[in-house]
Structures are given as structure tokens and as C-alpha cells.
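Residue numbers (the working numbering): -19 to 208.
Glycine included, each C-beta is placed from N, C-alpha and C at the ideal position.
Quick notes on the structure that follows.
So this is what it looks like as C-alpha cells:
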């Protein structure tokens, strides 16, 4: 009985200590107020967006008045980004889009765009249509929600399963109206979620959800790996 009381007392003390230091840990997270962006592409950057890596929305355009011409540098201020990790999106004057994800502002405050990973307007807009995507769930948990949105969109849209979950070992089809290059969000029955960005669903209209994300040996099938 004495050991049980001691164990309960230690547990209560640990909870109390965590409650005391949690605000201090949050306060210790760095706030990023300024960044420098260099344009090494051959076209101007017309719009620029930033968001924390754990956020779903890009927020406001950080270049409301002035584009960044090729070879030029812009200094962004008053950002108020909480934490080191963030994502950045550049929209060029020709309409192409380039994303950089998982950037670390605690290591460097200067970031360069060169359009080498840019997605063209044709891939973003002209190919928009209703797509049939076959989902095979090899994960150990049921899939209860699926969201697919065009890579240029900052909104996931509606749940495509509409209360028709895909059990482990089962298959299901979703029909989003998107371009070929799209982002995918899958929610499991324990409310854990996985996301993949810039998928070419025209080249891979079938997705295998299983532990580990690789391209399947079967033509046109992409494997989406989810940790057990």
C-alpha cells in the first residue's frame, strides 16, 4: 500500500511540474520576425506566402504591392512566425507555383527560389477534371476521411468518403474534381492523419495505403505508407 501511495504521489508531482513548465516551454519557442528571399528564377515572383509547417492555410500574400524581379532580393518583416519550421510558397508572374516545405528559420534567415521545382499553370489549372482514384487500404486502421485538393489550393475542401469508411484490407473509390497534381490527406479511425503533397494522380490513379510510401511495381499504382 505504501508503494502505491508513493507511486501516486510521484505521478501527481510529475503532472504538477509539467503544468508549471509548459507555459515556459511555449514562451521559449522562437518567434521569427524577418526573412530574406532571393529570386534566382528567370521570371518575377508575384506572390509569396508563408505558414507554420503544422498549419493548413497559407494566409495572406506577403508581397501585396511589389513583385520580386529575377536576380532581386526582398526582405520580409513583421512576420510573427512561432517556431523554427515553416513552409513557403512562391507564385511566379507566369502563374507557376513553387513550394518549399520544412524550412528551418533557426538555421538560416535567407531562402532562395529558382523555379526548378515549380508546377506549371497547365498542370495546376488546364487539367482540372473529375478524377477516379482507387484507394486500397493495407494499413491496420480504417480510413474514415479522405481529402484531395489541387496543389495550388490552400483549402482541403469536403471529405470525399462522406461517412463511408474504408476498412483495413478493403478498397474504395473517391472522385475529386482536381488537376493532375494534387495534395492528399487521409484520416484514420483513431483521428491520426497523413498528408502527401504534389502527387501526380493522372500518372498514379490508384493508391495503396500501407506501411512505407514507395512507387508500386504495378504500373499506375502508388503506395502510400502509413506507420502502424
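Asked, Found
"Residues of its chain near residue 112, where Cβ-Cβ distance is below 7 Å and the 5 sequence neighbours each way are ignored", "153, 155 and 185"
"Cutoff 8 Å: residue 118 Cβ touching any chain B Cβ", "Annotation note: the requested chain B is absent from the structure, which comprises a single protein chain."
"Closest residue to residue 35 among 136, 25 and 143 (Cα-Cα distance)", "136"
"Residue 65 (DSSP reduced to helix, strand or coil)", "strand"
"Which listed residue (52, 16, 175 and 162) has its alpha carbon closest to that of residue 99", "162"
"Cut-off 6 Å between Cβ atoms - residues of its own chain near residue 177, not counting five sequence neighbours on either side", "163"
"Sequence-distant residues of the same chain with beta carbon closer than 8 Å to residue 141, five excluded per side", "123, 124, 125, 126, 152 and 154"
"Buried or exposed (CB count within 10 angstroms, at least 16 for buried), residue 183", "exposed"
"Check whether residue 165 and residue 175 have beta carbons under 8 Å apart", "yes"
"3 or more residues per run - each beta strand (DSSP E) lying fully within the region 117 to 170", "123 to 130, 151 to 154 and 161 to 168"
"Top-ranked residue by Cα proximity to residue 92, from 25, 169 and 13", "25"
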